[in-house]
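Numbering of the sequence shown is given in my numbering, commencing with residue 1 and proceeding in unit increments. A short worksheet on the structure shown next.
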Amino acid sequence: MKAINLMVKKMEELGVEVIFGIPGGSNLPLYDALYDSNISSILMRHEQQAAHAADGYARVKKRPGIVTATSGPGATNLITGIVNAAMDSVPIVALTGQVVRAFMGTDAFQEADIVGLVLPHVKYAATVTDSKRLVKEFVNAYNCAYSGRPGPTLIDIPRDVMQEDIGELDNSDAIPDPAFLWKPKLPIDAELEKAASLISSVNRVTILVGGGVHFSGATSEVLKLAELINAPIVTTLPGKTCIPQDHPFVLGSVGMHGRLEANMAIINSDLVIAVGTRLSDRAIGPPADFKKGRKIIHIDIDASELGKNVIPDVKLIGDAKLVLNNLINKLITHGLSRKDVEWIDKLRDLKNAYEEYMMSQTDESRLNSWKIVKLIREEIPRSAIVTTGVGQHQMWANLFFKVLEPGTYITSAGLGTMGFGLPAAFGAKVAAPDRIVVNIDGDGSFQMTCQTLSNIVEYNYPVITVIFDNRALGMVRQWQDLFYGKRFKDVDLTETTDFVKLAEAFGVEGVFTQSYDEVRMTLRRAVRNNDAIVIDVPIDKNEKVFPMVPPGRWLADYIAPPGFDGHGKISTSVITK
């Protein structure tokens with residue numbers, strides 16, 4: 001039997017259901033083997049979109065998404081999607097074709113050193129030159145992608161390696177090599193004791209949730225800890241999907257475009273318990289400012305993250321669910337001092353003041369982005385999955401879209417990849433065909449990967465897309481406005497593109513809306529009928545997303561919405577230490 005047929009057989013045994021990609025000369029043996037398998041293959045329109053679709057699929061399924069491309073340009077087109085998955089810790093396995101072994105290193109037609117190109121951004125990558133190792137290498141890559149801290153892996157397979165006859169599968173090929181057998185680390189009791197003592201000794205504790213809580217399945221443990229110690233919960237951008245935002249202790253996302261009350265929870269804390277987050281610059285600002293005046297407990301499955309950006313007072317290495325359970329048990333037996341229970345109420349008052357201000361400043365002569373985001377939340381089911389592109393619309397969603405069920409919010413956080421939203425939504429719909437999937441996008445982001453609309457129609461996986469259409473690269477324009485003296489350069493997009501006709505050209509209904517009622521009725525109909533649709537919503541290009549922390553500055557150095565100076569109904573000073 002050919003090596004590639006045995007690999008596909010092993011893929012079936014591991015539960016692989018679908019593979020996203022595009023065939024080419026060097027990966028045709030894989031497609032030939034898939035012809036007789038139970039694995040569905042989805043022909044995407046660009047390899048980057050295939051990687052994003054595998055990413056969206058993996059986040060919903062919580063198991064590796066599989067993507068394939070041919071050698072050379074096919075493989076290099078995967079790189080953005082691979083790095084995106086790496087930055088957001090998403091398990092995908094990329095299978096790239098390669099030129100035959102005899103031609104490797106000769107600059108052969110469509111040859112590229114894809115392993116060398118992606119190696120800094122993957123958990124594992126290898127070119128398989130021994131056909132008898134092919135099945136084992138797939139098992140290694142698959143196991144590596146989802147064990148420990150999730151992330152992308154890649155195996156590069158020369159065409160002749162796929163086609164070699166190697167006989168039957170050896171039972172040992174079903175087991176990963178020892179180096180790929182991940183063993184969970186148990187939290188050290190002395191460190192748990194130190195953490196419990198620290199929590200008991202301070203007055204104001206904030207829990208900062210990162211994306212690691214999602215794949216760990218640690219949502220209930222985070223909520224239990226917050227209720228036990230009266231601590232507000234704030235999240236990073238990838239952590240937004242982890243916690244239901246209708247829980248009274250949840251304040252929203254922190255960072256450059258974080259909620260004001262969430263940032264204040266960090267600024268005025270005595271202790272931050274960071275769970276499953278790498279503490280990136282966009283979430284916490286300069287590490288020195290984040291560390292100044294507060295203690296840090298950092299929980300992460302990846303030991304390399306503990307102390308990488310911020311040196312914590314306590315390091316707890318391990319799976320978030322396991323560590324939090326142990327910490328909670330330790331706290332229950334340890335005894336707790338009374339916390340500042342009024343603090344959360346004051347933070348909620350600040351939240352209410354901000355939203356009241358936004359309502360008072362709404363310009364009814366045009367559609368406001370934040371109100372469209374809230375409208376979308378009102379009209380879709382709690383269980384609906386929402387993806388976003390990257391830009392101002394993403395930050396409006398970050399500020400005002402409430403996650404009500406964990407795992408239902410998918411965005412490109414670490415890499416900030418424009419064009420991510422639509423193919424990720426398609427992948428999410430493939431993973432959960434019975435759920436409503438909505439892509440919140442910008443006109444700039446949407447145009448980068450709009451070809452995915454053809455997949456939505458061809459494979460009958462309807463996705464609803466709402467385009468926040470300001471005919472500009474809105475976030476770049478905002479930066480040029482605020483930090484570059486309004487010297488607008490190459491940020492305004494053509495007025496001639498008709499998104500309704502564009503959608504219809506792909507076979508998807510397009511609707512141009514001019515009022516909140518039109519948006520609401522169109523969205524309500526699409527949800528009721530589970531239709532594929534593109535809803536074009538015109539937005540003023542001068543609209544800006546506030547609050548905003550300038551790049552490289554501390555969270556307290558935020559730019560407030562014009563007119564909201566902190567001296568109104570609720571002053572930010574009421575929650576200072």
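Cβ atoms here follow ideal geometry from the backbone N, Cα and C, with glycine treated the same way. None of the values given here were measured: they were computed from a predicted structure.
According to the DSSP secondary-structure assignment, PRO538 is paired through a beta bridge with ASP469. Under the three-state reduction of DSSP, THR452 is assigned to helix. In terms of Cβ geometry, ILE436 and GLY421 do not form a close pair [threshold 8 Å]. Each residue's CA atom was taken as its position, placing TRP370 and LEU350 some 18 Å apart. Counting C-beta atoms within 10 angstroms of its own C-beta, ALA174 has fewer than 16 neighbours from the protein chains shown and is therefore classed as exposed. Here DSSP, grouped into helix, strand and coil, assigns GLU509 to strand.
Collapsing the DSSP output to three states places GLN480 in a helix. In the structure shown, VAL202 adopts coil according to DSSP, grouped into three states.
With contacts defined as CB atoms closer than 8 Å, PRO120 and PRO91 fail to qualify as a contacting pair.
Of the candidates SER26, VAL519, LYS132, ALA218, the residue whose Cα lies closest to the Cα of VAL99 is SER26. In the three-state scheme derived from DSSP, where H, G and I count as helix and E and B as strand, VAL254 is classed as coil. The segment 178-193 and the segment 240-254 do not touch, with fewer than three beta-carbon pairs separated by less than 8 Å. Here GLU305 is buried: its Cβ has 16 or more other Cβ atoms, across all protein chains shown, within 10 Å.
In the DSSP assignment, LEU78 falls outside any alpha helix (DSSP H), carrying neither H nor E.
For SER40, the pairing in a beta bridge is given by DSSP as VAL18. For the pair GLY97 and ILE410, the CB atoms are not nearer than the 8 Å cut-off. DSSP, read as helix, strand or coil, puts GLY105 in coil.
For the 8 Å CB-CB criterion, VAL122 and THR153 form a contact. Spatial neighbours of SER200 in its own chain (CB-CB distance under 8 Å, excluding positions within 5 residues in sequence) are listed in chain order as LEU331, HIS334, GLY335, LEU336, SER337. Taking VAL537 as the centre and dropping the five residues before and after it, the same chain places the C-beta of LEU367, ILE372, VAL466, ILE467, PHE468, ASP469, THR513, VAL519 closer than 7 Å to its C-beta, in chain order. Annotation: the segment 378-452 contains the following complete segments of the beta strand (DSSP E) (minimum length 3 residues), in chain order: 385-388, 437-442. In this structure GLU543 is buried. Its beta-carbon is surrounded by 16 or more other beta-carbon atoms within 10 angstroms.
Using a 10 angstroms sphere on the CB of VAL222, the tally of other CB atoms reaches 16 or more, which defines it as buried. Under DSSP, HIS298 shares a beta bridge with ALA274, LYS315.
Distance from the CA of GLY81 to the CA of VAL463, rounded to the nearest whole angstrom, comes to 20 Å. Inter-residue distance for ARG471 and ILE539 is about 8 Å (C-alpha atoms, whole angstroms).
Cβ contact annotation for ILE344 (same chain, cutoff 6 Å, sequence separation greater than five): PRO232, in chain order.
Setting aside the 5 residues that flank it on each side, THR417 is surrounded in the same chain by THR80, ASN84, VAL390, each with a C-beta closer than 7 Å to its C-beta; the list follows chain order. According to DSSP, GLN514 shares a beta bridge with no other residue.
Residue pairing by DSSP places VAL93 opposite ILE66, THR153 in a beta bridge. Restricting attention to LYS486, VAL534, VAL213, GLY307, the CA atom closest to the CA of LYS62 is found in VAL213. Between ASP107 and THR70, the alpha-carbon positions lie close to 16 Å from each other. A Cβ-Cβ separation of about 5 Å places ASP156 in contact with ILE114 under the 8 Å criterion. TYR142 carries a helical assignment under DSSP once its states are collapsed to helix, strand and coil.
Taken atom to atom, the span from the alpha-carbon of VAL386 to that of ALA226 is near 26 Å. About 5 Å separates the beta carbon of GLY24 from that of GLY74, a gap short enough to meet the 8 Å contact definition.
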